[in-house]
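The sequence shown begins at 105 in the numbering used here and counts up by one. Some notes on the structure that comes next.
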Amino acid sequence: MPATTVRPLTPDDARAYRALRLAGIAELPATFCTTHAAESGLPLAQIAQRLRTTAHQIIFGVFDEEQLIAMAGLRREPIAVVHDKASLWGVYVAPQARGRGAGRQLVQAAIAHACAIPELGRVRLAVAQDNLAALTLYLSCGFTLEDSPATDGMLQMQRMLPRPARASASASAESNVFMKINTLQIPAK
(Lines of atoms letter the chains of each structure in order from A and count residues from 1; the text may use other names and numbers.)
(Lines give C-alpha, C1' and ligand atoms only; values in the text may rest on other atoms or scores of the structure.)
Protein backbone atom coordinates (compact mmCIF):
# COMPACT_ATOMS: atom_id res chain seq x y z
CA MET A 1 0.00 0.00 0.00
CA PRO A 2 2.12 2.92 -1.22
CA ALA A 3 2.25 6.33 0.45
CA THR A 4 0.29 5.48 3.59
CA THR A 5 0.94 7.12 6.92
CA VAL A 6 -0.27 6.09 10.37
CA ARG A 7 -0.55 8.80 12.99
CA PRO A 8 -2.69 9.93 15.90
CA LEU A 9 -5.64 11.98 14.74
CA THR A 10 -5.93 15.59 15.91
CA PRO A 11 -8.86 18.01 16.13
CA ASP A 12 -7.86 19.25 12.66
CA ASP A 13 -8.91 15.82 11.31
CA ALA A 14 -12.49 16.15 12.60
CA ARG A 15 -14.17 16.49 9.17
CA ALA A 16 -12.35 13.51 7.67
CA TYR A 17 -12.92 11.43 10.83
CA ARG A 18 -16.65 12.23 10.85
CA ALA A 19 -17.00 11.32 7.15
CA LEU A 20 -15.18 7.98 7.55
CA ARG A 21 -17.01 7.14 10.79
CA LEU A 22 -20.40 7.87 9.20
CA ALA A 23 -19.45 5.67 6.23
CA GLY A 24 -18.54 2.89 8.65
CA ILE A 25 -21.77 3.22 10.62
CA ALA A 26 -23.79 3.16 7.38
CA GLU A 27 -21.98 0.05 6.13
CA LEU A 28 -21.60 -1.89 9.40
CA PRO A 29 -24.08 -0.48 11.94
CA ALA A 30 -23.71 -3.39 14.38
CA THR A 31 -19.97 -2.71 14.70
CA PHE A 32 -20.42 0.75 16.18
CA CYS A 33 -22.04 1.60 19.51
CA THR A 34 -24.06 4.45 18.02
CA THR A 35 -26.45 5.20 15.20
CA HIS A 36 -25.96 7.18 12.02
CA ALA A 37 -28.57 9.72 13.17
CA ALA A 38 -26.92 10.24 16.56
CA GLU A 39 -23.41 10.54 15.15
CA SER A 40 -24.32 12.81 12.26
CA GLY A 41 -26.09 15.15 14.69
CA LEU A 42 -22.96 15.81 16.74
CA PRO A 43 -21.42 19.27 16.33
CA LEU A 44 -18.03 19.26 14.62
CA ALA A 45 -16.53 20.87 17.75
CA GLN A 46 -17.59 17.84 19.81
CA ILE A 47 -16.00 15.48 17.30
CA ALA A 48 -12.83 17.58 17.34
CA GLN A 49 -12.77 17.30 21.14
CA ARG A 50 -13.01 13.49 20.84
CA LEU A 51 -9.87 13.54 18.71
CA ARG A 52 -7.73 15.19 21.40
CA THR A 53 -5.19 12.67 22.65
CA THR A 54 -5.42 12.29 26.43
CA ALA A 55 -3.83 10.04 29.04
CA HIS A 56 -6.83 7.74 28.56
CA GLN A 57 -7.56 7.85 24.83
CA ILE A 58 -5.90 8.11 21.45
CA ILE A 59 -7.38 7.63 17.99
CA PHE A 60 -5.13 6.57 15.13
CA GLY A 61 -5.73 7.10 11.44
CA VAL A 62 -4.20 5.70 8.29
CA PHE A 63 -3.86 8.19 5.46
CA ASP A 64 -3.38 7.41 1.78
CA GLU A 65 -1.61 10.63 0.92
CA GLU A 66 -4.14 13.16 2.31
CA GLN A 67 -7.21 10.90 2.51
CA LEU A 68 -8.16 9.21 5.79
CA ILE A 69 -8.81 5.56 4.88
CA ALA A 70 -8.84 3.80 8.25
CA MET A 71 -9.23 4.57 11.95
CA ALA A 72 -9.08 2.92 15.35
CA GLY A 73 -9.25 4.13 18.93
CA LEU A 74 -7.49 2.92 22.05
CA ARG A 75 -9.17 3.79 25.34
CA ARG A 76 -7.53 3.11 28.69
CA GLU A 77 -9.71 2.49 31.71
CA PRO A 78 -9.48 5.43 34.14
CA ILE A 79 -10.78 3.49 37.17
CA ALA A 80 -7.87 2.44 39.40
CA VAL A 81 -9.13 -1.12 39.85
CA VAL A 82 -9.04 -1.82 36.10
CA HIS A 83 -6.50 0.73 34.84
CA ASP A 84 -4.33 -2.14 33.58
CA LYS A 85 -6.80 -2.69 30.70
CA ALA A 86 -7.40 -0.80 27.49
CA SER A 87 -9.97 -1.27 24.75
CA LEU A 88 -9.40 -1.17 21.02
CA TRP A 89 -12.55 0.33 19.53
CA GLY A 90 -14.05 1.88 16.41
CA VAL A 91 -11.77 0.01 14.02
CA TYR A 92 -12.85 0.68 10.46
CA VAL A 93 -11.10 0.45 7.11
CA ALA A 94 -12.68 2.02 4.03
CA PRO A 95 -13.70 -0.59 1.42
CA GLN A 96 -11.16 0.63 -1.17
CA ALA A 97 -8.30 0.15 1.34
CA ARG A 98 -9.19 -3.34 2.58
CA GLY A 99 -6.77 -6.20 2.10
CA ARG A 100 -3.82 -3.83 1.76
CA GLY A 101 -2.51 -3.68 5.33
CA ALA A 102 -4.26 -0.60 6.76
CA GLY A 103 -6.04 -2.60 9.48
CA ARG A 104 -2.79 -4.26 10.54
CA GLN A 105 -1.05 -0.87 10.65
CA LEU A 106 -3.76 0.46 12.97
CA VAL A 107 -3.71 -2.53 15.31
CA GLN A 108 0.09 -2.48 15.47
CA ALA A 109 0.12 1.26 16.21
CA ALA A 110 -2.41 0.80 19.01
CA ILE A 111 -0.47 -2.13 20.50
CA ALA A 112 2.81 -0.19 20.33
CA HIS A 113 1.15 2.75 22.08
CA ALA A 114 -0.32 0.44 24.74
CA CYS A 115 3.08 -1.21 25.32
CA ALA A 116 4.54 2.21 26.09
CA ILE A 117 2.16 2.63 29.05
CA PRO A 118 3.75 0.74 31.96
CA GLU A 119 0.48 0.11 33.84
CA LEU A 120 -1.26 -1.59 30.93
CA GLY A 121 -1.25 -5.36 30.92
CA ARG A 122 -3.83 -6.14 28.25
CA VAL A 123 -5.81 -4.77 25.35
CA ARG A 124 -9.38 -5.97 24.83
CA LEU A 125 -11.80 -5.69 21.94
CA ALA A 126 -15.16 -6.93 20.75
CA VAL A 127 -15.63 -8.19 17.21
CA ALA A 128 -18.67 -9.49 15.33
CA GLN A 129 -18.41 -13.26 15.20
CA ASP A 130 -19.26 -13.23 11.48
CA ASN A 131 -16.50 -10.72 10.60
CA LEU A 132 -13.92 -13.28 9.50
CA ALA A 133 -11.50 -10.71 8.08
CA ALA A 134 -11.33 -8.83 11.41
CA LEU A 135 -11.09 -12.08 13.42
CA THR A 136 -8.21 -13.25 11.23
CA LEU A 137 -6.45 -9.90 11.61
CA TYR A 138 -6.82 -9.81 15.40
CA LEU A 139 -5.69 -13.42 15.81
CA SER A 140 -2.63 -12.75 13.62
CA CYS A 141 -1.80 -9.71 15.81
CA GLY A 142 -1.69 -11.84 18.97
CA PHE A 143 -5.25 -11.48 20.28
CA THR A 144 -6.95 -14.54 21.71
CA LEU A 145 -10.61 -15.31 22.23
CA GLU A 146 -11.84 -14.95 25.78
CA ASP A 147 -13.68 -17.91 27.29
CA SER A 148 -16.97 -16.02 27.59
CA PRO A 149 -19.67 -16.95 25.07
CA ALA A 150 -20.60 -14.52 22.30
CA THR A 151 -23.12 -11.88 23.38
CA ASP A 152 -25.35 -10.35 20.71
CA GLY A 153 -23.10 -11.87 18.05
CA MET A 154 -19.98 -10.22 19.46
CA LEU A 155 -16.88 -12.13 20.53
CA GLN A 156 -14.55 -10.79 23.22
CA MET A 157 -10.82 -10.92 22.52
CA GLN A 158 -7.73 -9.82 24.42
CA ARG A 159 -4.00 -9.48 23.95
CA MET A 160 -1.63 -9.63 26.88
CA LEU A 161 1.12 -7.03 26.63
CA PRO A 162 4.78 -7.84 27.18
CA ARG A 163 6.08 -6.30 30.37
CA PRO A 164 9.91 -6.65 30.37
CA ALA A 165 10.30 -3.63 32.65
CA ARG A 166 8.07 -5.24 35.26
CA ALA A 167 9.85 -8.58 34.94
CA SER A 168 13.29 -7.04 35.43
CA ALA A 169 12.00 -4.87 38.29
CA SER A 170 10.49 -7.86 40.07
CA ALA A 171 13.65 -9.91 39.46
CA SER A 172 15.68 -7.05 40.93
CA ALA A 173 13.32 -6.91 43.92
CA GLU A 174 13.65 -10.68 44.39
CA SER A 175 17.42 -10.31 44.25
CA ASN A 176 17.29 -7.60 46.92
CA VAL A 177 15.10 -9.82 49.12
CA PHE A 178 17.50 -12.71 48.61
CA MET A 179 20.47 -10.50 49.56
CA LYS A 180 18.65 -9.38 52.70
CA ILE A 181 17.95 -12.99 53.67
CA ASN A 182 21.59 -13.97 53.09
CA THR A 183 22.85 -11.10 55.22
CA LEU A 184 20.25 -11.46 57.97
CA GLN A 185 21.89 -12.04 61.33
CA ILE A 186 20.03 -14.67 63.31
CA PRO A 187 20.98 -14.68 66.97
CA ALA A 188 22.10 -18.02 68.41
CA LYS A 189 19.86 -19.52 71.10
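Yeah, the Cβ is synthetic: ideal placement off N, Cα and C, and Gly gets one too. What you are looking at is a predicted structure, and each value in this text was computed from that prediction instead of being measured.
Exercise for the section: Measure the Cβ-Cβ separation of Gln209 and Cys245 and say whether it is below 8 Å. Expected result: For the purposes of this step, residue 209 is taken as residue 105 along the sequence shown, with counting starting at 1. For the purposes of this step, residue 245 is taken as residue 141 along the sequence shown, with counting starting at 1. No, Cβ-Cβ distance for Gln209 and Cys245 is not below 8 Å.
Problem - For Gly165, the first and last residue of its enclosing beta strand (DSSP E) - result: Your numbering for residue 165 matches position 61 in the sequence shown. Looking at the DSSP string, the run of the beta strand (DSSP E) that includes Gly165 is 161-168.
Problem - Start and end residues, alpha helix (DSSP H) containing Ala123 - result: Your numbering for residue 123 matches position 19 in the sequence shown. That run of the alpha helix (DSSP H) goes 118-131.
Handout entry: For Ser191, the nearest candidate out of Arg111, Arg263, Asp116 (CA to CA)
Key = In the sequence shown, the residue the question calls residue 191 occupies position 87. Comparing Cα positions, the closest option is Arg263.
Problem - Residues near Ala238 by beta carbon distance below 6 Å, same chain, minus five either side - result: If you number the sequence shown from 1, residue 238 lands on position 134. Closer than 6 Å at the Cβ level, and outside the excluded window around Ala238, lie Val231.
Handout entry: Residue span of the beta strand (DSSP E) that contains Leu113, given as start and end
Key = Translated into positions along the sequence shown, residue 113 becomes position 9. Counted as a single uninterrupted DSSP element, the stretch harbouring Leu113 is not any beta strand (DSSP E), since DSSP gives it neither H nor E.
Exercise for the section: Pick out whichever of Pro199, Arg179, Phe136 has its Cα sitting closest to the Cα of Ala218. Expected result: Against the sequence shown, residue 218 aligns to sequence position 114. The residue with the shortest Cα to Cα distance from Ala218 is Arg179.
Practice task
Please classify Arg156: does DSSP put it in a helix, a strand, or coil?
Solution key: Taking the sequence shown and counting its residues from 1, one reaches residue 156 at position 52. Note: Arg156 maps to coil in three-state DSSP.
Practice task
Taking all protein chains shown into account, decide if Arg156 is buried (16 or more other Cβ within 10 angstroms of its Cβ) or exposed.
Solution key: Within the sequence shown, numbered from 1, the residue matching residue 156 stands at position 52. Sixteen is the threshold: since fewer than 16 other Cβ atoms of the shown chains lie within 10 Å of the Cβ of Arg156, the residue is exposed.
Exercise for the section: Just the C-alpha distance for Thr240 and Gly207, rounded to the nearest angstrom, thanks. Expected result: Start at 1 with the first residue of the sequence shown, and residue 240 comes out as number 136. Start at 1 with the first residue of the sequence shown, and residue 207 comes out as number 103. Rounded to the nearest whole angstrom, the CA to CA distance from Thr240 to Gly207 is 11 Å.
Exercise for the section: Would you tell me roughly how many angstroms separate the C-alpha atoms of Pro133 and Ala127, rounded to the nearest one? Expected result: Indexing the sequence shown from 1 puts residue 133 at position 29. Indexing the sequence shown from 1 puts residue 127 at position 23. Computed Cα separation, rounded: 10 Å.
Exercise for the section: Would you mind working out which of Arg119, Arg154, Val186 sits nearest Ile163, comparing C-alpha positions? Expected result: Within the sequence shown, the letter at position 59 stands for residue 163. Checked all of Arg119, Arg154, Val186; the closest Cα to Ile163 is Arg154.
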